[in-house]
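Residues in the sequence shown are numbered consecutively from 1, following the UniProt record's numbering.
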Amino acid sequence: MRPRPPIKGRGIFSGTALIIAGLAATLAALVFPVWSYADRSGTTGADVLSARTETTPYGPLSARDEDLVIRVRLAGLWELPAGELAERKGTTPAVRTAGQHLVEGHTTLDAHVRLVASRLGLALPNAATAQQQDWLAELNAAQGTDFDRKFANILRLAHGKVFSVVAEVRAGTQNSLVRDLADDANATVLDHIKVLEATGYVDFAALARDLTASGPPSGADSTPPAVDVASAIPVAPSPAPSPTLPPAASAPPPASP
Numbered sequence: 001m002r003p004r005p006p007i008k009g010r011g012i013f014s015g016t017a018l019i020i021a022g023l024a025a026t027l028a029a030l031v032f033p034v035w036s037y038a039d040r041s042g043t044t045g046a047d048v049l050s051a052r053t054e055t056t057p058y059g060p061l062s063a064r065d066e067d068l069v070i071r072v073r074l075a076g077l078w079e080l081p082a083g084e085l086a087e088r089k090g091t092t093p094a095v096r097t098a099g100q101h102l103v104e105g106h107t108t109l110d111a112h113v114r115l116v117a118s119r120l121g122l123a124l125p126n127a128a129t130a131q132q133q134d135w136l137a138e139l140n141a142a143q144g145t146d147f148d149r150k151f152a153n154i155l156r157l158a159h160g161k162v163f164s165v166v167a168e169v170r171a172g173t174q175n176s177l178v179r180d181l182a183d184d185a186n187a188t189v190l191d192h193i194k195v196l197e198a199t200g201y202v203d204f205a206a207l208a209r210d211l212t213a214s215g216p217p218s219g220a221d222s223t224p225p226a227v228d229v230a231s232a233i234p235v236a237p238s239p240a241p242s243p244t245l246p247p248a249a250s251a252p253p254p255a256s257p
C-alpha cells in the first residue's frame, strides 16, 4: 500500500495555531499581574495613583504631603503664641521652660516650612484656624495654676495627635523636602511633648481618653482652610514684645534644586 500523501496546509495551520496560543499566553501574563495587584485590598487605582500628585524636582508631591506642610505652618501660628503666654503667665519654672521650648521650636520650624513651601510653590496660611484661636482665647483668659493646667493639657493633646500624622507622612512620602521637614517636625514635637509632661500638670488618664476619641488631629481642622495669600493677615500672637512668625509671603525665594 502506498503511503498517504500529506494534506496540504496542515503544517501551516499548526504553526499558526502555535503562534496564536503563544500570543494569548503572553497577553495573559501581562494582564494578570495588573488585575491581581489592583484587586488587592488597599491598592485600588485611587490609592496607587493620586490625581493630586504632582511632579517636582524633589520627587512626587502628594496631597498628603501638601497637607502636612500646611499643618506644620498652622501649628506654629497658635503654638508659638501659646508658648509666649506660658513664658509670661506660667507660675512654675517648668511651665515657663515649656513655653520657651514652644517659642524656640516653632520659630525654627516655621522658617523651615516656609523654605519648603517656597521651593515647592505652595501657598501657606497666615492665620490660625477658628479652633486654634479658641484655644488661644481660653489660655488668654486663664490665670494662675488654672492657666498652667490648661496650657499643659491642651498643648500635650495637640502634640500627641499630630505626632502620629507626621510619622505617617514621613513613612510614605516620596518627596525629599517633605521628608526633611517631617524629620524636623518629628524632633520638635517630641521635644515639646517631653517638656509639657515635665510640668507635672498633664492628666494622662484624660489624655488617653481624648487620644482614642474619634476626630481629626488636634492642631488643625479636619480639612485645612483654603489659603488666600492675597487676603491673609499675619498673626499677632501676643501684645507683649516677643517673637512672631513672619507672614508666609515673606518666605525665601525659590532655590535651584
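C-beta atoms are modelled at their ideal positions from N, C-alpha and C, and glycine is treated no differently.
When 76, 211, 185, 150 are compared, the shortest CA-CA separation from residue 201 is found for 150. Distance from the CA atom of residue 60 to the CA atom of residue 103, rounded to whole angstroms, is 32 angstroms. Note on residue 65: 16 or more other CB atoms within 10 angstroms of its CB, so buried under the neighbour-count rule.
Of the residues assessed, residue 188 falls on the buried side of the cut-off, its CB having 16 or more other CB atoms within 10 angstroms. Here residue 61 is bridged, per DSSP, to 54.
Around residue 206, the same chain offers 153 as residues with beta carbons nearer than 8 angstroms, after the five sequence neighbours per side are excluded. Under a 10 Å Cβ-count criterion, residue 132 is classified as buried, with 16 or more other Cβ atoms of the shown protein chains found around its own Cβ. A Cβ-Cβ contact shorter than 9 angstroms links residue 90 with residue 96. When the Cα atoms are used, residue 204 and residue 183 turn out to be separated by approximately 26 angstroms.
Its Cα nearest to that of residue 159, the residue 197 stands out among 197, 112, 142, 52. In the DSSP annotation of this structure, residue 174 is not part of any alpha helix (DSSP H), being labelled neither H nor E. The continuous alpha helix (DSSP H) containing residue 95 extends over residues 93-120. Taking every protein chain shown into account, the CB of residue 168 has fewer than 16 other CB atoms within 10 angstroms, so this residue is exposed. Of 58, 161, 173, the smallest CA-CA separation from residue 212 is found for 161.
Here the alpha carbons of residue 113 and residue 53 stand approximately 19 angstroms from one another.
Cβ neighbours of residue 145 within its own chain (closer than 7 angstroms, five residues either side excluded): 91. Ranked by how close their Cα comes to the Cα of residue 72, the residues 129, 94, 100, 135 have 129 in first place. A direct Cα-to-Cα measurement between residue 136 and residue 62 gives close to 31 angstroms. Cβ-Cβ distances below 8 angstroms link residue 140 to 85 in the same chain, with the five nearest sequence neighbours on each side left out; the list follows chain order. Here residue 119 is buried, its C-beta having at least 16 other C-beta atoms within 10 Å.
Its Cα nearest to that of residue 143, the residue 87 stands out among 74, 87, 122.
For a cut-off of 8 angstroms, the C-beta gap from residue 121 to residue 100 is around 34 angstroms, too long to register as a contact.
In this model, residue 171 and residue 180 are separated by some 12 angstroms (Cα to Cα). Sequence-distant Cβ neighbours of residue 191 in its own chain, meaning closer than 8 angstroms and more than five residues away, are 101, 105. Straight through space, the alpha carbons of residue 125 and residue 110 are spaced by roughly 12 angstroms.
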